[in-house]
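**Student:** Before I ask anything, let me first share the structure, which is written out below as C-alpha coordinates.
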Amino acid sequence: MAKPSFSTPLGMVDILPEETPSWRALEQIIHEEAAKFNFQEIRTPILEPTELIRRGVGQLTDIVTKEIFAFKKGDTHYVLRPELTAPVVRSFVQHHLDQRGGVQKLYYIGPMFRAERPQKGRQRQFHQFGLEVIGSADPIADIETIAFMMRIYERIGIKNFTLKLNSVGDPESRERYKNVLKEYLEPHRAQLSELSQQRLDKNPMRILDSKEPEDQEFITKAPIIQDFLNEESSLHFEQVKNGLNTLGISYILDPYLVRGMDYYTRTAFELSSPDLGSQDALAGGGRYDLLVEEIGGKPTPAVGFAAGMERLLIACEELNISLTDPTKLDVYVVSLGNAARQWALGCLPTLRAHGLSASMDYSGRSMKAQMKEANRELARFTLIAGEQELQDEQFVLRDMEQSTETKGSLDELVSLLTKPLS
(Lines of atoms letter the chains of each structure in order from A and count residues from 1; the text may use other names and numbers.)
(Lines give C-alpha, C1' and ligand atoms only; values in the text may rest on other atoms or scores of the structure.)
Protein backbone atom coordinates (compact mmCIF):
# COMPACT_ATOMS: atom_id res chain seq x y z
CA MET A 1 0.00 0.00 0.00
CA ALA A 2 1.40 3.37 -1.04
CA LYS A 3 2.20 5.84 1.71
CA PRO A 4 -0.03 8.91 1.82
CA SER A 5 1.44 12.15 0.56
CA PHE A 6 0.31 15.50 1.94
CA SER A 7 1.21 19.08 1.07
CA THR A 8 -0.09 22.54 1.84
CA PRO A 9 -3.29 23.68 0.07
CA LEU A 10 -2.84 25.71 -3.10
CA GLY A 11 -1.74 29.23 -2.30
CA MET A 12 -0.84 28.48 1.31
CA VAL A 13 2.77 28.03 2.36
CA ASP A 14 4.72 26.91 5.40
CA ILE A 15 6.93 29.51 7.06
CA LEU A 16 10.02 27.43 7.78
CA PRO A 17 12.45 27.73 10.72
CA GLU A 18 15.04 29.62 8.67
CA GLU A 19 12.35 32.15 7.72
CA THR A 20 10.64 32.74 11.06
CA PRO A 21 13.40 34.97 12.53
CA SER A 22 12.67 37.59 9.85
CA TRP A 23 8.95 37.38 10.60
CA ARG A 24 9.54 37.80 14.33
CA ALA A 25 11.89 40.73 13.69
CA LEU A 26 9.29 42.43 11.49
CA GLU A 27 6.58 41.86 14.09
CA GLN A 28 8.84 43.31 16.77
CA ILE A 29 9.45 46.44 14.69
CA ILE A 30 5.68 46.88 14.26
CA HIS A 31 5.08 46.45 18.00
CA GLU A 32 7.84 48.91 18.88
CA GLU A 33 6.71 51.61 16.46
CA ALA A 34 3.06 51.18 17.47
CA ALA A 35 4.05 51.81 21.09
CA LYS A 36 5.84 55.03 20.06
CA PHE A 37 2.64 56.22 18.35
CA ASN A 38 0.55 55.13 21.37
CA PHE A 39 -1.46 52.48 19.50
CA GLN A 40 -2.89 49.41 21.25
CA GLU A 41 -2.98 45.92 19.74
CA ILE A 42 -6.28 44.19 18.97
CA ARG A 43 -6.75 40.54 17.95
CA THR A 44 -9.96 39.25 16.36
CA PRO A 45 -11.10 35.74 15.29
CA ILE A 46 -10.11 34.35 11.91
CA LEU A 47 -13.77 33.45 11.28
CA GLU A 48 -16.34 36.21 10.81
CA PRO A 49 -20.00 36.25 9.74
CA THR A 50 -20.34 36.42 5.97
CA GLU A 51 -22.79 39.33 6.20
CA LEU A 52 -20.22 41.44 8.09
CA ILE A 53 -17.74 41.12 5.24
CA ARG A 54 -20.40 41.78 2.60
CA ARG A 55 -21.51 44.94 4.36
CA GLY A 56 -18.05 46.05 5.37
CA VAL A 57 -16.15 45.35 2.16
CA GLY A 58 -18.90 45.81 -0.42
CA GLN A 59 -21.17 43.55 -2.44
CA LEU A 60 -19.46 44.27 -5.77
CA THR A 61 -15.83 44.16 -4.71
CA ASP A 62 -13.63 41.39 -6.14
CA ILE A 63 -13.11 40.14 -2.59
CA VAL A 64 -16.81 39.39 -2.06
CA THR A 65 -17.70 38.31 -5.61
CA LYS A 66 -14.67 36.08 -6.26
CA GLU A 67 -12.25 35.70 -3.41
CA ILE A 68 -13.81 34.79 -0.06
CA PHE A 69 -13.53 31.36 1.54
CA ALA A 70 -17.14 30.89 2.69
CA PHE A 71 -18.93 27.97 4.36
CA LYS A 72 -22.00 27.19 6.45
CA LYS A 73 -22.18 25.61 9.89
CA GLY A 74 -25.70 24.99 11.12
CA ASP A 75 -27.73 28.03 10.13
CA THR A 76 -24.80 30.42 10.20
CA HIS A 77 -22.68 31.50 7.22
CA TYR A 78 -18.99 32.21 7.90
CA VAL A 79 -15.96 33.40 5.98
CA LEU A 80 -12.25 33.23 6.66
CA ARG A 81 -11.51 36.91 7.09
CA PRO A 82 -10.19 38.48 3.85
CA GLU A 83 -9.21 41.74 5.59
CA LEU A 84 -9.28 43.18 9.10
CA THR A 85 -10.87 46.63 9.00
CA ALA A 86 -14.45 45.34 9.12
CA PRO A 87 -13.64 42.83 11.93
CA VAL A 88 -11.91 45.54 13.99
CA VAL A 89 -14.88 47.85 13.54
CA ARG A 90 -17.22 44.97 14.44
CA SER A 91 -15.23 44.53 17.65
CA PHE A 92 -15.36 48.29 18.29
CA VAL A 93 -19.18 48.23 18.02
CA GLN A 94 -19.72 44.92 19.83
CA HIS A 95 -17.60 45.81 22.86
CA HIS A 96 -18.60 49.51 22.98
CA LEU A 97 -14.98 50.62 22.77
CA ASP A 98 -16.17 54.19 22.31
CA GLN A 99 -17.10 54.12 26.00
CA ARG A 100 -13.42 53.82 26.90
CA GLY A 101 -13.21 57.51 26.07
CA GLY A 102 -11.18 59.35 23.47
CA VAL A 103 -10.11 58.20 20.03
CA GLN A 104 -9.48 54.46 19.71
CA LYS A 105 -6.03 53.88 18.19
CA LEU A 106 -5.81 50.17 17.36
CA TYR A 107 -3.29 48.07 15.43
CA TYR A 108 -3.18 44.42 14.38
CA ILE A 109 -0.99 41.70 12.91
CA GLY A 110 -2.43 38.48 11.51
CA PRO A 111 -3.33 36.08 8.68
CA MET A 112 -5.99 36.79 6.02
CA PHE A 113 -7.52 34.52 3.38
CA ARG A 114 -8.56 35.15 -0.22
CA ALA A 115 -9.39 32.52 -2.85
CA GLU A 116 -7.47 34.15 -5.68
CA ARG A 117 -4.87 32.89 -8.13
CA PRO A 118 -1.55 32.54 -6.27
CA GLN A 119 1.43 34.50 -7.55
CA LYS A 120 4.53 36.15 -6.14
CA GLY A 121 3.56 38.29 -3.19
CA ARG A 122 -0.07 37.14 -3.33
CA GLN A 123 -1.06 33.91 -1.60
CA ARG A 124 -4.43 32.53 -0.53
CA GLN A 125 -3.31 32.74 3.07
CA PHE A 126 -1.30 35.90 3.61
CA HIS A 127 -0.42 38.19 6.49
CA GLN A 128 -1.10 41.85 7.09
CA PHE A 129 -0.38 44.45 9.68
CA GLY A 130 -2.30 47.67 9.95
CA LEU A 131 -4.04 50.13 12.18
CA GLU A 132 -7.39 51.82 12.63
CA VAL A 133 -8.03 55.23 14.20
CA ILE A 134 -11.71 55.23 15.18
CA GLY A 135 -13.48 58.32 16.45
CA SER A 136 -11.68 61.24 14.79
CA ALA A 137 -12.62 63.19 11.67
CA ASP A 138 -9.59 65.46 12.04
CA PRO A 139 -7.03 65.44 9.18
CA ILE A 140 -4.36 64.87 11.86
CA ALA A 141 -5.68 61.29 12.20
CA ASP A 142 -5.14 60.74 8.46
CA ILE A 143 -1.65 62.23 8.65
CA GLU A 144 -0.61 60.17 11.68
CA THR A 145 -1.93 57.00 10.02
CA ILE A 146 0.19 57.63 6.93
CA ALA A 147 3.19 58.65 9.08
CA PHE A 148 3.03 55.37 11.01
CA MET A 149 2.84 53.37 7.78
CA MET A 150 5.82 55.22 6.33
CA ARG A 151 7.80 54.85 9.56
CA ILE A 152 7.71 51.05 9.34
CA TYR A 153 9.33 51.08 5.90
CA GLU A 154 11.83 53.75 6.88
CA ARG A 155 12.83 51.76 9.97
CA ILE A 156 13.44 48.68 7.84
CA GLY A 157 15.42 50.64 5.27
CA ILE A 158 13.12 50.45 2.24
CA LYS A 159 13.38 53.74 0.36
CA ASN A 160 12.34 52.89 -3.20
CA PHE A 161 8.61 53.49 -2.96
CA THR A 162 5.89 55.92 -4.04
CA LEU A 163 3.03 57.22 -1.90
CA LYS A 164 -0.07 57.87 -4.02
CA LEU A 165 -2.72 60.17 -2.57
CA ASN A 166 -6.28 61.06 -3.48
CA SER A 167 -9.59 62.17 -1.98
CA VAL A 168 -12.78 60.30 -2.87
CA GLY A 169 -14.92 62.92 -1.13
CA ASP A 170 -17.78 62.74 1.34
CA PRO A 171 -21.13 61.08 0.44
CA GLU A 172 -22.46 64.28 -1.17
CA SER A 173 -19.36 64.72 -3.35
CA ARG A 174 -19.24 61.04 -4.22
CA GLU A 175 -22.87 60.99 -5.32
CA ARG A 176 -22.33 63.99 -7.58
CA TYR A 177 -19.23 62.40 -9.07
CA LYS A 178 -20.88 59.00 -9.52
CA ASN A 179 -23.60 60.58 -11.65
CA VAL A 180 -21.07 62.38 -13.85
CA LEU A 181 -18.89 59.26 -14.15
CA LYS A 182 -21.86 57.08 -15.07
CA GLU A 183 -22.95 59.59 -17.70
CA TYR A 184 -19.42 59.50 -19.17
CA LEU A 185 -19.16 55.68 -19.16
CA GLU A 186 -22.69 54.75 -20.24
CA PRO A 187 -22.07 55.24 -24.00
CA HIS A 188 -19.12 52.80 -23.71
CA ARG A 189 -20.93 50.15 -21.66
CA ALA A 190 -20.59 47.41 -24.27
CA GLN A 191 -16.82 47.95 -24.50
CA LEU A 192 -16.22 47.65 -20.75
CA SER A 193 -15.29 44.41 -19.01
CA GLU A 194 -18.14 42.24 -17.73
CA LEU A 195 -17.49 43.18 -14.09
CA SER A 196 -17.30 46.89 -14.91
CA GLN A 197 -20.63 46.65 -16.69
CA GLN A 198 -22.12 45.30 -13.46
CA ARG A 199 -20.48 48.06 -11.44
CA LEU A 200 -21.72 50.77 -13.78
CA ASP A 201 -25.26 50.39 -12.44
CA LYS A 202 -24.47 50.14 -8.71
CA ASN A 203 -21.11 51.83 -8.06
CA PRO A 204 -19.35 53.25 -11.12
CA MET A 205 -16.43 54.55 -9.00
CA ARG A 206 -15.31 50.95 -8.54
CA ILE A 207 -14.58 50.83 -12.28
CA LEU A 208 -11.64 53.17 -11.65
CA ASP A 209 -10.06 50.35 -9.62
CA SER A 210 -10.34 47.88 -12.50
CA LYS A 211 -7.19 46.17 -13.80
CA GLU A 212 -8.93 44.75 -16.90
CA PRO A 213 -7.18 45.86 -20.14
CA GLU A 214 -10.42 46.79 -21.92
CA ASP A 215 -11.26 49.32 -19.18
CA GLN A 216 -7.99 51.25 -19.13
CA GLU A 217 -8.65 53.60 -22.06
CA PHE A 218 -11.88 54.80 -20.47
CA ILE A 219 -10.36 55.12 -16.99
CA THR A 220 -7.51 57.38 -18.14
CA LYS A 221 -9.97 59.75 -19.85
CA ALA A 222 -12.56 59.74 -17.06
CA PRO A 223 -13.58 62.91 -15.18
CA ILE A 224 -11.45 63.67 -12.09
CA ILE A 225 -13.14 63.52 -8.72
CA GLN A 226 -11.26 66.57 -7.34
CA ASP A 227 -13.36 68.69 -9.70
CA PHE A 228 -16.50 67.58 -7.85
CA LEU A 229 -15.43 67.79 -4.20
CA ASN A 230 -17.47 70.11 -2.02
CA GLU A 231 -15.76 72.80 0.04
CA GLU A 232 -15.53 70.72 3.21
CA SER A 233 -13.94 67.73 1.44
CA SER A 234 -11.52 69.98 -0.46
CA LEU A 235 -10.45 71.68 2.78
CA HIS A 236 -9.91 68.31 4.48
CA PHE A 237 -7.74 67.13 1.60
CA GLU A 238 -5.68 70.33 1.61
CA GLN A 239 -5.07 69.93 5.34
CA VAL A 240 -3.91 66.33 4.83
CA LYS A 241 -1.48 67.44 2.10
CA ASN A 242 -0.20 70.31 4.24
CA GLY A 243 0.39 67.97 7.17
CA LEU A 244 2.35 65.53 5.02
CA ASN A 245 4.41 68.43 3.70
CA THR A 246 5.12 69.51 7.28
CA LEU A 247 6.42 66.01 8.08
CA GLY A 248 8.52 65.89 4.89
CA ILE A 249 6.52 62.94 3.50
CA SER A 250 6.62 62.97 -0.30
CA TYR A 251 3.57 61.92 -2.32
CA ILE A 252 2.08 62.10 -5.78
CA LEU A 253 -1.56 62.87 -6.52
CA ASP A 254 -3.45 60.06 -8.27
CA PRO A 255 -6.97 61.22 -9.19
CA TYR A 256 -8.07 57.68 -10.09
CA LEU A 257 -7.04 56.03 -6.84
CA VAL A 258 -10.24 54.80 -5.19
CA ARG A 259 -9.01 51.77 -3.17
CA GLY A 260 -10.68 48.36 -3.37
CA MET A 261 -13.33 48.65 -0.66
CA ASP A 262 -16.68 50.47 -0.77
CA TYR A 263 -16.42 52.01 2.69
CA TYR A 264 -13.76 54.65 1.92
CA THR A 265 -14.53 58.38 2.10
CA ARG A 266 -12.24 61.36 1.59
CA THR A 267 -8.55 60.42 1.98
CA ALA A 268 -7.30 57.39 0.02
CA PHE A 269 -3.66 56.38 -0.28
CA GLU A 270 -1.43 53.59 -1.51
CA LEU A 271 2.25 52.78 -1.11
CA SER A 272 3.91 50.92 -3.99
CA SER A 273 7.41 49.70 -4.80
CA PRO A 274 8.90 48.80 -8.22
CA ASP A 275 10.96 46.13 -6.44
CA LEU A 276 7.82 43.95 -6.31
CA GLY A 277 7.25 43.74 -10.06
CA SER A 278 3.68 43.80 -11.36
CA GLN A 279 2.21 43.23 -7.89
CA ASP A 280 3.77 46.44 -6.65
CA ALA A 281 1.42 47.47 -3.81
CA LEU A 282 3.06 47.45 -0.37
CA ALA A 283 0.25 49.02 1.64
CA GLY A 284 -2.89 51.06 1.28
CA GLY A 285 -5.75 52.59 3.16
CA GLY A 286 -7.79 55.69 3.77
CA ARG A 287 -10.72 57.21 5.60
CA TYR A 288 -13.96 55.23 6.05
CA ASP A 289 -16.46 57.43 7.89
CA LEU A 290 -19.45 55.31 6.79
CA LEU A 291 -18.39 51.85 7.96
CA VAL A 292 -19.13 51.97 11.69
CA GLU A 293 -22.75 52.94 11.05
CA GLU A 294 -23.03 50.42 8.19
CA ILE A 295 -22.37 47.52 10.57
CA GLY A 296 -24.59 48.67 13.40
CA GLY A 297 -22.75 51.38 15.31
CA LYS A 298 -23.30 55.09 15.74
CA PRO A 299 -22.02 57.38 12.96
CA THR A 300 -18.31 57.42 13.73
CA PRO A 301 -15.41 58.73 11.61
CA ALA A 302 -12.39 56.48 11.13
CA VAL A 303 -9.20 56.06 9.11
CA GLY A 304 -6.69 53.23 8.71
CA PHE A 305 -4.37 51.21 6.51
CA ALA A 306 -3.27 47.63 5.88
CA ALA A 307 0.08 46.32 4.61
CA GLY A 308 1.14 42.96 3.25
CA MET A 309 3.90 41.32 5.26
CA GLU A 310 4.92 38.84 2.57
CA ARG A 311 5.35 41.67 0.09
CA LEU A 312 7.41 43.65 2.55
CA LEU A 313 9.71 40.68 3.12
CA ILE A 314 10.01 40.16 -0.65
CA ALA A 315 11.09 43.79 -0.99
CA CYS A 316 13.69 43.21 1.75
CA GLU A 317 15.00 40.20 -0.14
CA GLU A 318 15.19 42.10 -3.44
CA LEU A 319 17.10 44.91 -1.72
CA ASN A 320 19.37 42.59 0.31
CA ILE A 321 17.99 43.97 3.57
CA SER A 322 18.35 41.57 6.48
CA LEU A 323 16.08 42.07 9.48
CA THR A 324 18.07 39.68 11.66
CA ASP A 325 21.58 38.48 12.37
CA PRO A 326 22.29 34.74 12.01
CA THR A 327 20.86 32.93 15.03
CA LYS A 328 23.66 31.84 17.34
CA LEU A 329 23.57 29.45 20.26
CA ASP A 330 25.38 30.61 23.41
CA VAL A 331 26.36 27.21 24.80
CA TYR A 332 26.26 23.66 23.46
CA VAL A 333 26.83 21.10 26.24
CA VAL A 334 28.97 18.17 25.04
CA SER A 335 28.69 15.08 27.25
CA LEU A 336 30.67 11.82 27.24
CA GLY A 337 29.01 8.83 28.94
CA ASN A 338 25.62 8.28 30.55
CA ALA A 339 26.41 10.02 33.84
CA ALA A 340 27.72 13.10 32.02
CA ARG A 341 24.66 13.03 29.78
CA GLN A 342 22.38 13.23 32.85
CA TRP A 343 24.53 16.03 34.25
CA ALA A 344 24.25 17.92 30.94
CA LEU A 345 20.47 17.60 31.03
CA GLY A 346 20.42 19.07 34.53
CA CYS A 347 22.88 21.80 33.52
CA LEU A 348 20.64 23.25 30.78
CA PRO A 349 18.11 24.91 33.15
CA THR A 350 20.97 26.56 35.05
CA LEU A 351 22.41 28.05 31.88
CA ARG A 352 18.99 29.19 30.63
CA ALA A 353 18.12 30.71 34.00
CA HIS A 354 21.14 33.00 33.55
CA GLY A 355 19.79 34.24 30.21
CA LEU A 356 21.90 31.96 28.01
CA SER A 357 20.59 29.92 25.11
CA ALA A 358 21.70 26.32 25.64
CA SER A 359 21.27 22.94 23.97
CA MET A 360 22.77 19.45 23.97
CA ASP A 361 22.90 16.27 21.95
CA TYR A 362 19.60 14.38 21.74
CA SER A 363 20.97 11.23 20.05
CA GLY A 364 23.85 9.89 22.20
CA ARG A 365 26.47 10.63 19.56
CA SER A 366 30.25 10.71 19.81
CA MET A 367 32.19 13.76 20.99
CA LYS A 368 33.29 14.45 17.41
CA ALA A 369 29.71 14.34 16.18
CA GLN A 370 28.58 16.60 19.03
CA MET A 371 31.28 19.16 18.27
CA LYS A 372 30.22 19.09 14.63
CA GLU A 373 26.64 19.72 15.69
CA ALA A 374 27.79 22.63 17.89
CA ASN A 375 29.47 24.17 14.85
CA ARG A 376 26.36 23.66 12.73
CA GLU A 377 24.27 25.49 15.34
CA LEU A 378 26.83 28.34 15.43
CA ALA A 379 27.47 27.77 19.13
CA ARG A 380 29.66 30.47 20.66
CA PHE A 381 30.89 28.09 23.37
CA THR A 382 30.86 24.39 24.13
CA LEU A 383 30.75 23.14 27.71
CA ILE A 384 32.42 19.72 27.86
CA ALA A 385 31.78 17.13 30.56
CA GLY A 386 33.03 13.54 30.81
CA GLU A 387 33.70 11.07 33.61
CA GLN A 388 36.84 12.88 34.85
CA GLU A 389 35.19 16.30 34.74
CA LEU A 390 32.28 15.02 36.81
CA GLN A 391 34.63 13.50 39.37
CA ASP A 392 36.70 16.68 39.70
CA GLU A 393 33.71 19.03 39.27
CA GLN A 394 35.92 20.95 36.87
CA PHE A 395 34.50 21.35 33.39
CA VAL A 396 35.93 22.58 30.11
CA LEU A 397 34.55 25.71 28.42
CA ARG A 398 35.72 25.99 24.83
CA ASP A 399 35.53 29.28 22.97
CA MET A 400 34.59 28.12 19.46
CA GLU A 401 35.65 31.36 17.78
CA GLN A 402 39.00 31.82 19.57
CA SER A 403 39.79 28.06 19.90
CA THR A 404 40.73 28.57 23.55
CA GLU A 405 39.73 26.55 26.61
CA THR A 406 39.05 27.40 30.26
CA LYS A 407 38.57 24.99 33.18
CA GLY A 408 36.43 25.67 36.22
CA SER A 409 33.38 24.78 38.26
CA LEU A 410 29.98 25.24 36.72
CA ASP A 411 29.39 28.39 38.78
CA GLU A 412 32.73 29.86 37.71
CA LEU A 413 32.10 29.11 34.05
CA VAL A 414 28.55 30.49 34.17
CA SER A 415 29.92 33.67 35.72
CA LEU A 416 32.49 33.87 32.93
CA LEU A 417 29.80 33.30 30.29
CA THR A 418 27.41 35.91 31.61
CA LYS A 419 29.94 38.66 32.20
CA PRO A 420 30.66 39.49 28.52
CA LEU A 421 27.01 38.90 27.55
CA SER A 422 25.49 41.21 30.16
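Note that the working numbering has the sequence shown beginning at 1070, numbered continuously upward. Beta carbons are placed, not taken as given, at the ideal position from N, Cα and C, and that holds for glycine. Since the model is a prediction, treat every value here as computed from it, not as a measurement.
1) Out of curiosity, what's the CA-to-CA distance linking T1231 and G1377?
2) What residues in its chain sit with their C-beta under 8 Å from that of P1187, if we drop five residues either side in the sequence?
3) Could you tell me if M1429 is buried or exposed, where buried requires 16 or more neighbouring beta carbons within 10 angstroms of its beta carbon?
4) Taking the Cβ atom as the reference point for each residue, do A1352 and L1340 lie within a distance shorter than 8 Å?
5) Take the Cβ of G1238 as the centre, count every other Cβ of all protein chains shown within 10 Å, and call the residue buried at 16 or more, exposed below.
6) Is it buried or exposed, A1384, if we count other Cβ atoms within 10 angstroms and call 16 or more buried?
7) Sort M1219, E1283, G1455 by Cα distance to S1435 and report the nearest one.
8) Pick from A1375, L1482, G1226, T1289: whose alpha carbon is nearest that of G1355?
9) So I1203 packs on F1161, CB below 8 Å; how close in whole Å?
10) Rounded to whole angstroms, what is the Cα-Cα separation between L1425 and L1447?
11) Quick check on R1112: buried or exposed, where buried means 16 or more other Cβ atoms within 10 Å of its Cβ?
12) Look at the alpha carbon of R1449 and the alpha carbon of K1488, and state the distance between them as a whole number of angstroms.
13) Let me confirm a value: L1304 is counted as buried when at least 16 other C-beta atoms fall within 10 Å, else exposed. Which label applies?
14) Is the segment 1273-1289 close to the segment 1236-1251, with three or more CB pairs under 8 Å?
15) If you draw a straight line from the alpha carbon of I1098 to that of F1217, how long is it in whole angstroms?
16) Can you list, in chain order, the residues of its chain whose CB lies under 7 Å from that of S1302, leaving out five sequence neighbours each side?
17) Only counting runs of 3 or more residues, tell me where the beta strand (DSSP E) segments fall wholly within the segment 1173-1202, in order along the chain.
18) The alpha helix (DSSP H) that contains K1228, what's its start and end?
19) Leaving out five residues on either side along the sequence, give the residues of the same chain with a beta carbon under 8 Å from the beta carbon of L1121.
20) Starting from the Cα of Q1439, find the closest Cα among H1196, V1402, S1391, G1477 and give me that residue.
21) Compute the Euclidean distance between the alpha carbons of P1395 and A1427, then round it to the nearest angstrom.
22) Just to confirm before moving on: does the CB-CB distance between F1287 and H1257 stay below 8 Å?
23) Within a Cβ cutoff of 6 Å, which residues of the same chain sit near V1023, ignoring the five residues on either side of it in sequence?
24) Could you tell me whether the Cβ atoms of I1209 and G1373 are closer together than 8 Å?
25) Rounded to whole angstroms, what's the CA-CA distance from H1196 to L1381? Just pull it up for me.
26) For the candidate residues V1327, G1226, L1175, whose alpha-carbon lies nearest to that of A1103?
27) Should F1108 go down as buried or exposed, given a rule of 16 or more other Cβ atoms within 10 Å for buried?
28) Relative to the C-alpha of G1170, which candidate in S1205, E1096, C1416 has its C-alpha closest?
29) Is DSSP giving K1476 helix, strand or coil here?
30) Here's the rule I'm using: 16 or more other beta-carbon atoms within 10 Å means buried, otherwise exposed. How should L1095 be labelled?
31) How big is the Cα-Cα spacing for K1476 and E1458?
32) Could you give the residue range of the beta strand (DSSP E) that holds G1080?
33) I need the straight-line Cα distance from F1198 to M1219, nearest angstrom please.
34) Do I1215 and F1338 come within 8 Å of each other at the CB atom, strictly closer than that value?
35) Cβ atoms of L1234 and L1322: under 8 Å apart, would you say?
36) Does I1099 have its Cβ less than 8 Å from a Cβ in chain D?
**Tutor:** Working from what's here:
1) The residue you call residue 1231 lines up with position 162 of the sequence shown. The residue you call residue 1377 lines up with position 308 of the sequence shown. Distance between the alpha carbons of T1231 and G1377 is about 16 Å.
2) One-based indexing of the sequence shown puts residue 1187 at position 118. Correct list, in chain order: L1079, G1080, R1193.
3) Residue numbering aside, residue 1429 sits at position 360 when the sequence shown is read from its first letter. By the 10 Å Cβ count, M1429 comes out buried.
4) Residue mapping note: residue 1352 aligns to position 283 of the sequence shown, counting from 1. Residue mapping note: residue 1340 aligns to position 271 of the sequence shown, counting from 1. Yes; because the gap between Cβ atoms is below 8 Å, this pair is in contact.
5) Here the question's residue 1238 lines up with position 169 in the sequence shown. Within a 10 Å sphere around the beta-carbon of G1238 sit 16 or more other beta-carbons, which makes this residue buried.
6) The sequence position of residue 1384 within the sequence shown is 315, counting from 1. A1384 comes out buried.
7) For the purposes of this step, residue 1435 is taken as the residue at position 366 of the sequence shown. If we check each option's Cα against that of S1435, G1455 comes out closest.
8) Working through the sequence shown from its first residue, we reach residue 1355 at position 286. Distances from the CA of G1355 to each of A1375, L1482, G1226, T1289 were compared; the closest alpha carbon is that of A1375.
9) Counting from one through the sequence shown, the residue named residue 1203 turns up at place 134. Counting from one through the sequence shown, the residue named residue 1161 turns up at place 92. The Cβ separation is near 5 Å, so the contact holds.
10) By one-based count along the sequence shown, residue 1425 stands at place 356. By one-based count along the sequence shown, residue 1447 stands at place 378. Distance between the alpha carbons of L1425 and L1447 is about 14 Å.
11) Taking the sequence shown and counting its residues from 1, one reaches residue 1112 at position 43. It is exposed - the Cβ of R1112 has fewer than 16 other Cβ atoms within 10 Å.
12) As a position in the sequence shown, residue 1449 is number 380, starting the count at 1. As a position in the sequence shown, residue 1488 is number 419, starting the count at 1. Note on geometry: alpha-carbon atoms of R1449 and K1488 lie some 14 Å from one another.
13) Taking the sequence shown and counting its residues from 1, one reaches residue 1304 at position 235. Answer is exposed; the Cβ neighbour count stays below 16.
14) In short, these stretches touch, since the Cβ pair count reaches three.
15) For the purposes of this step, residue 1098 is taken as residue 29 along the sequence shown, with counting starting at 1. For the purposes of this step, residue 1217 is taken as residue 148 along the sequence shown, with counting starting at 1. Their backbone Cα atoms lie some 12 Å apart in a straight line.
16) Translated into positions along the sequence shown, residue 1302 becomes position 233. When the five nearest sequence neighbours on each side are left out, the beta carbons in the same chain lying within less than 7 Å of the beta carbon of S1302 are those of S1236, G1238, D1239, S1242, R1335, in order along the chain.
17) DSSP runs (the beta strand (DSSP E)) wholly in the segment 1173-1202: 1173-1182.
18) Here residue 1228 refers to the residue found at position 159 when the sequence shown is read from its first residue. Boundaries for K1228: no alpha helix (DSSP H) harbours it, and the DSSP string shows neither H nor E there.
19) To locate residue 1121, count along the sequence shown from 1; it is residue 52. So the qualifying residues of the chain are A1155, P1156, R1159, I1364.
20) Start at 1 with the first residue of the sequence shown, and residue 1439 comes out as number 370. Closest by C-alpha distance to Q1439, out of H1196, V1402, S1391, G1477, is V1402.
21) Here residue 1395 is taken as the residue at index 326 of the sequence shown, counted from 1. Here residue 1427 is taken as the residue at index 358 of the sequence shown, counted from 1. Cα-Cα distance, rounded: 16 Å.
22) Along the sequence shown, one-based indexing puts residue 1287 at 218. Along the sequence shown, one-based indexing puts residue 1257 at 188. Yes, they are a contact pair.
23) Lying outside 1070 to 1491, the shown extent of the chain, residue 1023 is not represented and no answer is given.
24) On the sequence shown, residue 1209 is found 140 positions in, with the first residue counted as 1. On the sequence shown, residue 1373 is found 304 positions in, with the first residue counted as 1. Not closer than 8 Å, so no.
25) By 1-based counting over the sequence shown, the position of residue 1196 is 127. By 1-based counting over the sequence shown, the position of residue 1381 is 312. For H1196 and L1381, the distance between alpha carbons rounds to 10 Å.
26) Counting from one through the sequence shown, the residue named residue 1103 turns up at place 34. The option with the nearest alpha carbon to A1103 is L1175.
27) The sequence position of residue 1108 within the sequence shown is 39, counting from 1. So F1108 ends up on the buried side.
28) Residue mapping note: residue 1170 aligns to position 101 of the sequence shown, counting from 1. Considering only S1205, E1096, C1416, the residue with the shortest C-alpha distance to G1170 is S1205.
29) By one-based count along the sequence shown, residue 1476 stands at place 407. Shown here, K1476 sits in a strand according to DSSP, grouped into three states.
30) Residue mapping note: residue 1095 aligns to position 26 of the sequence shown, counting from 1. Classification of L1095: buried, given that the 10 Å Cβ count is 16 or more.
31) Walking along the sequence shown from the start, residue 1476 turns up at place 407. Walking along the sequence shown from the start, residue 1458 turns up at place 389. Rounded to whole angstroms, K1476 to E1458 spans 9 Å at the Cα level.
32) To locate residue 1080, count along the sequence shown from 1; it is residue 11. Element bounds for G1080: n/a, residue is neither H nor E.
33) Residue mapping note: residue 1198 aligns to position 129 of the sequence shown, counting from 1. Residue mapping note: residue 1219 aligns to position 150 of the sequence shown, counting from 1. Rounded to whole angstroms, F1198 to M1219 spans 13 Å at the Cα level.
34) In the sequence shown, residue 1338 corresponds to position 269, counting from 1. In the sequence shown, residue 1215 corresponds to position 146, counting from 1. Yes, the Cβ-Cβ distance between F1338 and I1215 is below 8 Å.
35) Within the sequence shown, residue 1322 is the residue found at index 253, counting from 1. Within the sequence shown, residue 1234 is the residue found at index 165, counting from 1. Contact: yes.
36) Going by chain labels, chain D is absent from the structure shown, which holds only one protein chain.
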